[in-house]
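Residues in the sequence shown are numbered consecutively from 924, following the numbering used here.
The beta carbon of each residue, even a glycine, is placed where N, CA and C say it ideally should be.
Given the structure is predicted, the values throughout are model-derived calculations rather than measurements.
Report on the following structure.
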Amino acid sequence: MPETSKTSQVTDRPPAGGAAANPVDRFFRITARGSSFAREIRGGFATFFTMAYILVLNPIILGSAKDKFGHQLDGAELVTATALVAAVMTVIMGVGGNLPLALAAGLGLNAVVAFQIAPLMSWADAMGLVVLEGLLICVLVVTGLREAVMHAIPQPLKQAISVGIGLFIAFIGFVDAGFVTRIPDAANTTVPVQLGGTGALAGWPILVFCLGVLLTIGLLARKVKGAILISIVVMTVLAIVINAIADVKTWGLTTPKLPDDVFSAPHFGLLGDFSLFGAFGQVSVITVVLLLFTLILSDFFDTMGTVVGISAEAGLLDEDGKVPNLGRVLLIDGAAAVAGGAASASSSTSYIESAAGVGEGARTGFANLITGGLFALALFLTPVLTIVPLQAAAPALVAVGFLMMTQVKHIDWDRYDIAIPAFLTIAVMPFTYSITNGIGAGFLAYVVIKTVLGKAREVHWLLWGASALFLVYFAIDPLEQLLGVK
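As structure tokens, then:
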């Protein structure tokens, strides 16, 4: 493991040798957190390249769906909206929250908006619901409830959340690269996933991914600075060469080829195209409440898991397992949901791919200036910045998954009241492809086991409340059918 990825606690105290060398260093506490400008810059690049796929994927998801009136969102305008919100909110998080935590349109949340909400109303009404969701989350932050819930989580469960996210992000890497693929249920097979696309590893893209994994872990083992970023760059160049020679058709979302056009003009047509309360005129109040509940709970706990996981991996948690500047971080994350809806880019949220930047040594919000700057460049240079294939970026996710997995050693596996909830948290995240589901399973198991053991009083009242909400969340389908709103 490279020096910069150790998870020992880091405090925001001045370095032993005196004050930081310049105002930027002092503002971001770069030296105080054991980092350097070089590490922060590498981390910013690594984070961008592992999440740049959202510039392609978000427009595909939102642009492929029709609203109640048959209207579709323009692809070029969606690219602009996605890049703009990611750039602005990532920089704001860096300056205001001072965490290496990038933000962009949330996967899963955008699918809910596209395929569950938009068919019931206009796109403007759907995006208005997203804005409303973000505003409600901001209210939860201002009242202190969101921060209080995070502080109420036992330290072992926080560690389990980080480990679960590690497995989840590694699994995302395997899936993004096509190393693991889903077997359609219609095939009546005995296993849900398989190796490669046909049960075996084949094709140039898979070779690029496998070589990328080997290169990344080799560089990490040698403690080479910039290991993750070096791997992404080398594998991208290799992929471009391979594609030029073999004309491969199976790269996926992005094809590694030199673009015909370097520049692309941004299209701002979707900015501000939302109706805050329009949904209430299209569907019943009960339906609106249930839709908002789904959005809020997913965003609330996905962000919680991401913030805890990234902070733990960066060694930024204090002795009580608390995240620095948590109130500001959560408020900015809520504001990102508002910005995403207002720009018609769907709800924006903190990205777990930020772990790639942490793996490169990022420890402060300065890395966000780099990541946000690259998203800003993407407004004009989208063809250039989207030539990195998933197979070149995915090895970074696998490597970071390993780094986050190392925290499993801090969990007391001999105590069942801790071990079982921790196990379910860790297992459910990758197996259901959801951070929220894993947290919910862990919360419910923790409450039940403590109660069975006669230790119900040890459970914080906020954890009881959160567990009750998760019961509703997991039962949302039958509840919608019972109420006749689905």
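CA-to-CA distance, residue j to residue i, given in whole angstroms
i	j	result
residue 1394	residue 1073	18 Å
residue 1168	residue 1331	44 Å
residue 1392	residue 1342	23 Å
residue 1018	residue 1126	43 Å
residue 1027	residue 1288	16 Å
residue 1163	residue 1310	8 Å
residue 1278	residue 1192	33 Å
residue 1251	residue 1385	21 Å
residue 1242	residue 1370	24 Å
residue 1219	residue 1264	13 Å
residue 1406	residue 1325	44 Å
residue 1255	residue 1122	43 Å
residue 1116	residue 1104	6 Å
residue 1147	residue 959	15 Å
residue 1173	residue 1022	36 Å
residue 934	residue 948	Caution applies to residue 934, whose pLDDT of 44 falls short of 50 and renders its modelled position unreliable; the value that the coordinates give is listed next. Using only the alpha carbons, I get a separation of about 15 Å.
residue 1202	residue 1237	41 Å
residue 926	residue 961	Low local confidence applies: a pLDDT of 38 at residue 926 is under 50, so the model's placement there is unreliable, and no value is given.
residue 1336	residue 1401	35 Å
residue 1397	residue 951	40 Å
residue 1260	residue 1143	35 Å
residue 1388	residue 1186	51 Å
residue 1188	residue 984	22 Å
residue 1376	residue 1382	12 Å
residue 1183	residue 1170	16 Å
residue 1124	residue 1071	47 Å
Best match in the options for proximity to residue i [C-alpha to C-alpha]
i	options	result
residue 1058	1099, 1200, 989	1200
residue 1131	1340, 1398, 1155	1155
residue 1426	1295, 1349, 1379	Residue 1426 falls outside the range modelled here, since the chain spans only 924 to 1409, and no answer is possible.
residue 1339	993, 987, 980, 1372	1372
residue 1195	1262, 1212, 1189	1262
residue 1181	1190, 1399, 947, 1165	1165
residue 995	1049, 950, 957, 959	1049
residue 1024	1354, 1379, 1292	1292
residue 1350	1100, 1197, 1093	1093
residue 1315	1117, 1347, 1099, 1230	1099
residue 971	1383, 1335, 1308, 952	1308
residue 1281	1235, 1141, 1071, 1079	1235
residue 1222	997, 977, 1034	1034
residue 1333	1078, 1031, 983	1078
residue 1412	1207, 1158, 1205, 1227	Since the first residue of the chain shown is 924 and the last is 1409, residue 1412 is not available in this structure.
residue 1051	1171, 950, 1205, 952	1205
residue 1015	1233, 1253, 975, 1067	1253
Cβ pair residue i, residue j closer than 7 Å
i	j	result
residue 1361	residue 1089	no
residue 1319	residue 973	yes
residue 963	residue 1368	no
residue 1044	residue 991	yes
residue 986	residue 1272	no
residue 1010	residue 1299	yes
residue 1041	residue 1268	no
residue 1244	residue 1064	no
residue 1323	residue 1136	no
residue 1302	residue 999	no
residue 1212	residue 1081	no
residue 1198	residue 1047	yes
residue 1008	residue 982	no
residue 1229	residue 1275	yes
Beta bridge counterpart(s) of residue i as assigned by DSSP
i	result
residue 1431	An answer regarding residue 1431 cannot be provided, because it is not within the stretch 924 to 1409 covered by the chain.
residue 1116	1105
Expected contact under 8 Å - CB spacing of residue i and residue j to nearest Å
i	j	result
residue 1248	residue 1096	Actually they are not in contact, since the Cβ atoms of residue 1248 and residue 1096 sit about 29 Å apart, beyond 8 Å.
residue 1149	residue 1312	In fact, because the Cβ distance is near 20 Å, the residues do not count as touching under 8 Å.
residue 1225	residue 1358	5 Å
residue 1152	residue 1283	6 Å
residue 1365	residue 1344	5 Å
residue 1399	residue 1217	6 Å
residue 1352	residue 1091	4 Å
residue 1286	residue 956	4 Å
residue 1129	residue 1119	6 Å
residue 978	residue 1305	6 Å
residue 1157	residue 1138	6 Å
residue 1270	residue 1062	The Cβ separation is near 16 Å, so there is no contact.
Cutoff 7 Å: residue i Cβ touching any chain D Cβ
i	result
residue 1046	Going by chain labels, chain D is absent from the structure shown, which holds only one protein chain.
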